[in-house]
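Participant: Residue numbers (the working numbering), protein chains in the order written: chain A, 17 to 440; chain B, 1218 to 1336. Glycine residues also receive a C-beta, built at the ideal position from the N, C-alpha and C atoms.
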Amino acid sequence: MIINNQNKQQKYSLFSIIKNSFSNHQNWNKAWRNPSPKKNYDAVIVGGGGHGLASAYYLASIHGIKNIAVIEKGWIGGGNTGRNTTIIRSNYLWDESAAIYEHSLKLWEGLTQELNFNIMFSQRGVLTIAHSEHELKEMSRRVHAIKLNGIDSDILNPQEIKKFVPTINIDQNIRYPVMGGFLQQRGGTARHDAVAWGYARAADSYGVDIIQNCEVHNILCNKDKVVGIDTNQGRINTSKLGVVVAGHSSVLADKVGIRLPIQSRPLQALVSEPIKPILDTVIMSNAVHMYISQSDKGEMVLGAGVDKYNSYAQKGSFPVTQHMIASAIELFPILSRLRMLRHWGGIVDTCPDASPIISKTDIKGLYFNCGWGTGGFKATPGSGHVFADLIAKDEPNSISKPFSLNRFEDGLLIDEHGAAGVAH
Amino acid sequence: MLNIDCPYCGLRNETEFSCGGEAHITRPVSNNLLSKKEWSEYLFSRHNPKGVFLERWVHTSGCRKWFNIVRNTMTNEIYETYKIGTKPKSLTGKEAYKNNWRRHTKAETNKVEKNNVKK
Chain A
17 MIINNQNKQQ KYSLFSIIKN SFSNHQNWNK AWRNPSPKKN YDAVIVGGGG HGLASAYYLA
77 SIHGIKNIAV IEKGWIGGGN TGRNTTIIRS NYLWDESAAI YEHSLKLWEG LTQELNFNIM
137 FSQRGVLTIA HSEHELKEMS RRVHAIKLNG IDSDILNPQE IKKFVPTINI DQNIRYPVMG
197 GFLQQRGGTA RHDAVAWGYA RAADSYGVDI IQNCEVHNIL CNKDKVVGID TNQGRINTSK
257 LGVVVAGHSS VLADKVGIRL PIQSRPLQAL VSEPIKPILD TVIMSNAVHM YISQSDKGEM
317 VLGAGVDKYN SYAQKGSFPV TQHMIASAIE LFPILSRLRM LRHWGGIVDT CPDASPIISK
377 TDIKGLYFNC GWGTGGFKAT PGSGHVFADL IAKDEPNSIS KPFSLNRFED GLLIDEHGAA
437 GVAH
Chain B
1218 MLNIDCPYCG LRNETEFSCG GEAHITRPVS NNLLSKKEWS EYLFSRHNPK GVFLERWVHT
1278 SGCRKWFNIV RNTMTNEIYE TYKIGTKPKS LTGKEAYKNN WRRHTKAETN KVEKNNVKK
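(1) With distance defined between alpha-carbon atoms, name the residue in R105(A), V62(A), P53(A) nearest to K256(A).
(2) Output needed for V1269(B): all residues of its chain with C-beta closer than 6 Å, excluding positions within five of it in sequence on either side, in chain order.
(3) Along the chain, where does the alpha helix (DSSP H) that runs through P174(A) open and close?
(4) Could you tell me the distance, in whole angstroms, from the CA atom of I245(A) to the CA atom of H1321(B)?
(5) Chain B beta carbons: is any one of them nearer than 7 Å to that of I363(A)?
(6) Going by alpha carbons, who is nearest to K122(A) out of I190(A), G204(A), L276(A)?
(7) Is the Cβ of C1223(B) closer than 7 Å to any Cβ of chain A?
(8) Go through its chain and collect everything with a Cβ distance to K1304(B)'s Cβ below 7 Å, but skip five positions before and after it.
(9) Alpha carbon to alpha carbon, what distance is there between D323(A) and L1219(B)?
(10) Do I227(A) and P53(A) count as a contact pair if the criterion is CB distance below 7 Å?
(11) Locate the beta strand (DSSP E) running through V124(A), then write down its first and last residues.
(12) Could you list which residues in chain B have their beta carbon closer than 8 Å to that of I278(A), in chain order?
(13) Going by CA-CA distance only, name the one from N189(A), G319(A), K153(A) that's closest to N100(A).
(14) Can the beta-carbon of S265(A) be found closer than 7 Å to that of I278(A)?
(15) Residues of the region 1299-1328 of chain B with a CB closer than 8 Å to any CB of chain A: list them in chain order, please.
(16) Would you decide whether Q22(A) is buried or exposed? Buried here means 16 or more other CB atoms lie within 10 Å of its CB.
(17) Could you tell me the boundaries of the beta strand (DSSP E) in which K376(A) lies?
(18) Can you check whether the C-beta of T1232(B) is within less than 7 Å of a C-beta belonging to chain A?
(19) If the cut is a Cβ gap below 9 Å, which residues of chain B does P418(A) touch?
(20) Could you tell me how far apart the beta carbons of N132(A) and Y28(A) are, in whole angstroms, since I believe they sit closer than 8 Å?
(21) For the region 319-338 of chain A, which residues have a CB atom closer than 8 Å to at least one CB atom of chain B, in sequence order?
(22) How many angstroms separate the CA atom of S77(A) from the CA atom of I87(A)?
(23) Where A115(A) and Y108(A) are concerned, what is the direct C-alpha to C-alpha distance, given to the nearest angstrom?
(24) Any Cβ of chain A within less than 7 Å of the Cβ of Y1257(B)?
(25) P282(A): which of N326(A), V243(A), D410(A) sits nearest, CA to CA?
(26) Quick check: A212(A) and G66(A), are their CB atoms within less than 7 Å of each other?
(27) G1238(B) versus chain A: which residues are under 9 Å apart at the beta carbon?
(28) Can you check which of these residues, T390(A), V402(A), E289(A), G362(A), is closest to G98(A) by C-alpha distance?
(29) To the nearest angstrom, report how far apart V402(A) and V260(A) are at their CA atoms.
(30) Using C-beta distances below 8 Å, list every residue in its chain close to P349(A), excluding the 5 sequence neighbours before and after it, in chain order.
(31) Tell me the DSSP bridge mates of T366(A)?
(32) What separation, rounded to the nearest whole angstrom, lies between the Cα atoms of G437(A) and H305(A)?
(33) If distances are taken between C-alpha atoms only, which option among G223(A), M195(A), D312(A), A218(A) comes closest to E149(A)?
(34) For the region 425-432 of chain A against the region 1230-1246 of chain B, do three or more pairs of beta-carbon atoms, one drawn from each stretch, fall closer than 8 Å, so that the two count as touching?
(35) Of all the residues that make up the region 203-218 of chain A, which are near chain B by a beta-carbon distance shorter than 8 Å?
(36) Are the C-beta of N1293(B) and some C-beta of chain A separated by less than 7 Å?
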């Protein structure tokens, strides 16, 4: 499987746990090496988040490119990959989105086995609630469209919702009554850190160099061709450069004069103190404007919309936090005494049509994978898979083609503001 | 939390305002002379700097007037607020205005051509 002669990885299994227990677990290999950058690589991925590591993994495992580096400014999975609400689903409205998110969900379903790393993928269902007659009608329209694309999706009535989520209040005399909802049972959550670590370990076993604490200062071009990058660890030469840096995409694009339609906004998430299990699914609400789930440790994980102005400050504004908590209490009054443990503000790359950009550029060998905005985590495997294909072949495949930068010139936008869960 | 100095109402809380994104985007005067790419730059491409940014805000829960702000997106420091239709006066704001890539796009530099067409 992912074992080759270059970097021997022990296979994680019950047998290897027993075997290592005889040596008091002192002889486990490091999950990935910590190499210094070489002078030349066949391909370089900038950004060691989930998408970047997945891209490197698929480049190595499917396309046979072995001389790859992943360049990360901080530590792998230390950005938005480790700061999100870990929701996975594929119930998007438009065919183009359905194709990429469903491709991703199918990869999630076999990812723990493929990577030999427990990513704790839990298909606990994602339930989106409607609070008005109009919302419910709009929802059934969307459910039918989603079903036509072969994606599981079902409308539930309030009684069915109560059975599925016993803690929810379905009284019709409250401010935002639960009128119904739609459920994607195959959706759920995964442990975000494990996704980064799993991809990193698997990529490393193919010989991919994961270089941390390495910041890219400049992209070097010769005429209209990429020749390398300038980093704080020196110059690295490559003819294929994939940039997967989420909120900082515009900063790197600016170095080579590429104009992106992206705005960088903070997206906040909150985690409470751990409590007994009360919620074994993911609840989303567009009208109340929040989403909530409970982690395996028992913490309530909440998220809402993005801040309303551009920022790279990695902290959200207080009114948005306040709104998020107010919404959570509106939906689950039992949370009102809960104390919040951690609070994050990750910088997300929002696009005008709330759809990602997976694209070649005017510069040969320079590829961008960005614009995932508030919903990139769920797409991690699929995004990496199609981006690797684009980098290896220099041509988009049928899934990534609609997400090219050209769509902003041709007017072929993929407007997912409605189906993207919460407003942007 | 930002405290924003509305040029009409004075210092008020962030929650009273709405942000309208990049300021000083000039509508191309001769759009039939623009290529698809240039037109898309006007419609969709947005300056997104990590640093000084000129942006439009509206005092939604106040005077409901639009105005511009010079703000640092790293520190959230606001250098200056100024009325719509005017240019920034602070040194930081002037520099940011001058260095924006949009100043060199055809949408803005086309103005001369348009005058020629009129003649």
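Facilitator: Straight from the coordinates:
(1) V62(A)
(2) N1289, T1309, A1313
(3) 174-180
(4) 26 Å
(5) no
(6) G204(A)
(7) no
(8) Y1314
(9) 12 Å
(10) yes
(11) The residue asked about is misnamed: residue 124(A) is Trp in this sequence, not Val. Run containing W124(A): none in the beta strand (DSSP E); it sits in the alpha helix (DSSP H), 111-125.
(12) R1263, N1265
(13) G319(A)
(14) yes
(15) W1318
(16) In this prediction, Q22(A) scores a pLDDT of 48, lower than 50, which makes its location untrustworthy; the coordinate-derived value is nonetheless stated afterwards. Q22(A) should be labelled exposed.
(17) 373-376
(18) yes
(19) By Cβ distance, chain B contributes nothing, its closest Cβ being about 16 Å from P418(A), past 9 Å.
(20) 5 Å
(21) K324, Y325, N326, S327, Y328, A329, S333, F334, P335
(22) 19 Å
(23) 9 Å
(24) Residue 1257(B) is actually Ser in this sequence, not Tyr. Chain A, which has a Cβ nearer than 7 Å to the Cβ of S1257(B), makes this yes.
(25) N326(A)
(26) yes
(27) Q279, Y325, N326
(28) G362(A)
(29) 13 Å
(30) N185
(31) Q279(A)
(32) Legend: pLDDT at G437(A) = 48, less than 50; position of this residue unreliable, value from coordinates given subsequently. Taking the straight line joining both Cα atoms gives about 9 Å.
(33) M195(A)
(34) no
(35) none
(36) yes
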